[in-house]
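Novice: 301 is the number of the first residue of the sequence shown in my numbering; add one for each residue after it.
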Amino acid sequence: MAILLPSRVAHRKVRKGKNNGIATRCNTVAFGEFGLMSLDNERINSRQIEAARQAITRYIKRGGKVWIRIFPHTPVTKKPLDVKMGSGKGEPQFYVAKVKTGTVMFEMGEVTEEQAKEALRLASHKLPVRCKFVRKGDQ
């Protein structure tokens, strides 16, 4: 299982920030013919992305093409259990992708519409956001 990680980061720890509004980029199907679009704002971690990718590739039996349009760049820190308040910010534990409403997260090509619909439905169950199946040019 290859967990997605940034190879280098400018800042090891970042603040949470806001994740609201509608996506202005990555909001159309660009590479394949079908896509999986987010209907919520949420942080998706690298394990969830990998689980969704595996669900897609298993269903299409490694046929067709799959594009992952999101990447977990943002580190999430956590302090150990039973540590008192203060003494700084915790260490990075995992990385997340901040996904906004309207972001196309996965795309598929070279498969039939029924195959794509079912594969992306299975992938949507692995993600913490509500999803919608979209076709190229329909958004």
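Think of the CB as a built atom: it goes at the ideal place given N, C-alpha and C, for glycine as much as any other residue. Just so you know, these numbers come straight off a predicted model, no measurement behind them.
Could you pull out every residue in the same chain whose Cβ sits closer than 8 Å to the Cβ of residue 392, ignoring the five residues on either side in sequence?
Specialist: 312, 313, 375, 376, 377
Novice: Starting from the C-beta of residue 323, find all residues in its chain whose C-beta is less than 6 Å away, skip the five residues before and the five after it, and write them out in chain order.
Specialist: 400, 402, 403
Novice: Please look up how many angstroms separate the CB atoms of residue 422 and residue 359, rounded, as I've assumed it's under 8 Å.
Specialist: Cβ-Cβ separation between residue 422 and residue 359: approximately 6 Å, consistent with a contact (criterion under 8 Å).
Novice: The alpha helix (DSSP H) with residue 420 in it runs from where to where?
Specialist: 413-424
Novice: Is the segment 408-416 touching the segment 379-399 in the sense that three or more CB pairs, one from each, lie closer than 8 Å?
Specialist: no
Novice: Would you give the residue range spanned by the beta strand (DSSP E) that residue 435 belongs to?
Specialist: 431-435
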